[in-house]
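Numbering (our numbering), first residue to last: 28 to 82.
Ideal Cβ placement from N, Cα and C applies to all residues, glycine included.
Some notes on the structure that comes next.
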Amino acid sequence: MALNEGHFAKFDSLKSLFQKEGSMFKALVDESGNKDTLYDMAEGKAASSSNYSQL
Numbered sequence: 028m029a030l031n032e033g034h035f036a037k038f039d040s041l042k043s044l045f046q047k048e049g050s051m052f053k054a055l056v057d058e059s060g061n062k063d064t065l066y067d068m069a070e071g072k073a074a075s076s077s078n079y080s081q082l
């Protein structure tokens, strides 16, 4: 789920939200310093809780 100014904006799986070109959610992730970790999490590659400490 993605919020915009406290209001519901989008609801979908993380993988789908990452794949939507031009979406606010994808832009936020792409601009973050944790882009690779977040993409790995969406793909199910970051399964251990230790990966979350990088965020």
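Q: Name the residue from Lys72, Ser40, Ala36, Met68 whose alpha carbon lies nearest to the alpha carbon of Met51.
A: For the purposes of this step, residue 51 is taken as the residue at position 24 of the sequence shown. Looking at the Cα atoms, Ala36 is the closest of the given residues.
Q) Under the three-state reduction of DSSP, which class applies to Phe45: helix, strand or coil? A) Against the sequence shown, residue 45 aligns to sequence position 18. Assignment of Phe45 by DSSP, reduced to helix, strand and coil, places it in the helix class.
Q | Coil, strand or helix - Lys62 by DSSP | A | Looking up residue 62 in the sequence shown gives position 35. Helix.
**Q.** Nearest-angstrom Cα separation, counted from Leu30 out to Asp63
**A.** As a position in the sequence shown, residue 63 is number 36, starting the count at 1. As a position in the sequence shown, residue 30 is number 3, starting the count at 1. Those two C-alpha atoms are separated by around 22 angstroms.
Q | Where Phe52 falls: helix, strand or coil (DSSP) | A | Stepping through the sequence shown from its first residue, residue 52 is reached at position 25. In the three-state reduction of the DSSP assignment, Phe52 falls in the helix class.
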